[in-house]
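For reference, the structure discussed in these notes is given below.
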Amino acid sequence: MIGYYVHHQGRGHLTRALGILGTHGGPATVLTSLPRPADAPATRLGWVALPRDDEGLPPQDPTAGGALHWVPRHDPGLRGRMATIAAWVERAAPRLVVVDVSVEVALLCRLMGVPVLVVAMPGDRTDRAHRLGYDVADALLACWPREVLDPPWPSAWTAKARFVGALSRYDDRIGSGDPAVGADQAGAGRPRRRSVVVLLGAGGRDVADAELAAAARATPGWDWTVLGGSDVWVADPWTLLRAADVVVTHAGQNALAEVAAARRPAIVVPQRRPHDEQFAAAAALARAGLATVCPHWPDPAAWPSLLDDATADDGSRWQLWCPGGATAAAADLIHELTGDESPCTSR
């Protein structure tokens, strides 16, 4: 039995967890405040609902003087959350807990004698809390390629890190070549309207609806489809991604992995996140020439040339970021840490 802690911010952590656990194949329990998806396996996968720790009174000293990230004093949600995890560890005696992501949960499990695999994140992780969390981890799982993004980590972290490349739920579709890009024709004798798909994600966004509308008005030859945020959520955007002439996306790990798997030209606009996570990933993409990177949402007048220039890229260089196989590599690492034979590794 292994445990897998999933942070409730956005949807990327859960998508990654379900992909890894589906490939892992062994008994596991997800610990999270998120509801269990209807398509989660009914057998082999337990689900422990955790109280929220961010819905109480105004937090008091939430960082414990800067030593941790989120431990507000006298918060009943935090108390219940940690007690629930501890009770499950006592009851299940897991061989490993994967933590994505929480320094405090990683510490709790390790203090109870359970090995922890910490899912690492891009950006500056040299603050006191991250140093503690990464130091106590038995291993670090980095879901990006070191050849493109080599973080300035201490050698001890790098030595226990497994860089698996971008982890996409579309691993098995990479190179499928369908649907055909530009299959929608405007009509005989008329030029095809080009399409742009915007990925906003569910973890908050920096771009306003008015800015999206202004960009669409400035590019009358393009059809804009906006996915994410609170209004339009598509559970499986693969078909839309493959059919897009250009994808505009933030620089969250799951969004980048899905665009990379679809091998589409992209304009990446990183959003503000703690520790500059998205800006670090976007800078690495720019250095490697994998996408057009804009540090902030461009002015309307810039969009026509941005989109036109992006179409010169055929998307093939995304192979460097997402070569495929990351889900299996992550599952292999879990098997290694638990001492089990992996069904994922070819013999």
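Residue numbering for the sequence shown follows this note's numbering, starting at 1069 and increasing by one per position.
Heads up, the beta-carbon is just placed ideally off N, CA and C, and yes, glycines get one too.
Look at Tyr1238 here: in three-state DSSP terms it is coil, with no helix or strand label.
Leaving aside the five residues that flank Trp1225 on each side, the residues in its chain whose CB is nearer than 7 Å to its CB run, in chain order, Tyr1202 and Leu1208. The alpha-carbon separation between Tyr1072 and Ile1153 amounts to approximately 11 Å.
Residue range Val1314 to Thr1317 is occupied by the beta strand (DSSP E) that includes Thr1317.
Runs of the alpha helix (DSSP H) lying entirely within the segment 1120-1189, each at least 4 residues long, are 1144-1160 and 1171-1179 in chain order. Per DSSP, the unbroken alpha helix (DSSP H) holding Arg1196 starts and ends at Arg1196 to Val1204. The count of Cβ pairs closer than 8 Å, one atom from the segment 1155-1165 and one from the segment 1397-1406, reaches three, so the stretches are in contact.
If you look at Gly1289, you'll find it isn't in any alpha helix (DSSP H); DSSP assigns it neither H nor E.
When C-alpha distances from Val1314 are compared across Ala1350, Ala1359 and Val1182, the shortest belongs to Ala1359. Classified as buried, Met1189 has 16 or more neighbouring CB atoms from the shown chains inside 10 Å of its CB. With contacts defined by Cβ atoms closer than 8 Å, Gly1393 and Gly1320 do not form a contacting pair. A straight-line Cα-Cα distance of about 8 Å links Glu1172 and His1137.
The distance from the Cβ of His1343 to that of Gly1191 is about 4 Å, consistent with a contact at the 8 Å cut-off. Considering only Pro1183, Ala1174 and Pro1288, the residue with the shortest C-alpha distance to Leu1200 is Ala1174. By the Cβ neighbour-count rule, Pro1219 is buried, with 16 or more other Cβ atoms within 10 Å of its own. Arg1331 is the residue among Arg1385, Leu1374 and Arg1331 whose C-alpha sits nearest the C-alpha of Leu1308.
With contacts defined as CB atoms closer than 8 Å, Asp1274 and Trp1156 fail to qualify as a contacting pair. Closest option to Leu1353, judged by alpha-carbon separation, among Trp1221, Asp1367 and Gly1383: Gly1383. Taking C-beta atoms as the reference points, Ala1349 and Leu1267 fail to come closer than 8 Å. The distance from the Cβ of Asp1291 to that of Arg1261 is about 5 Å, consistent with a contact at the 8 Å cut-off. When the beta-carbon positions are compared, Ala1351 and Ser1236 stay at least 8 Å from each other.
Within the same chain, Cβ atoms closer than 6 Å to the Cβ of Ala1210 are found at Ala1188, Ala1229 and Phe1231, the five residues on either side in sequence being excluded. In this structure, Ile1335 is the residue among Trp1389, Leu1179 and Ile1335 with its C-alpha nearest to the C-alpha of Asp1377.
In the DSSP assignment, the residues bridged to Gly1114 are Thr1097. A direct Cα-Cα distance of roughly 46 Å separates Asp1121 from Pro1288.
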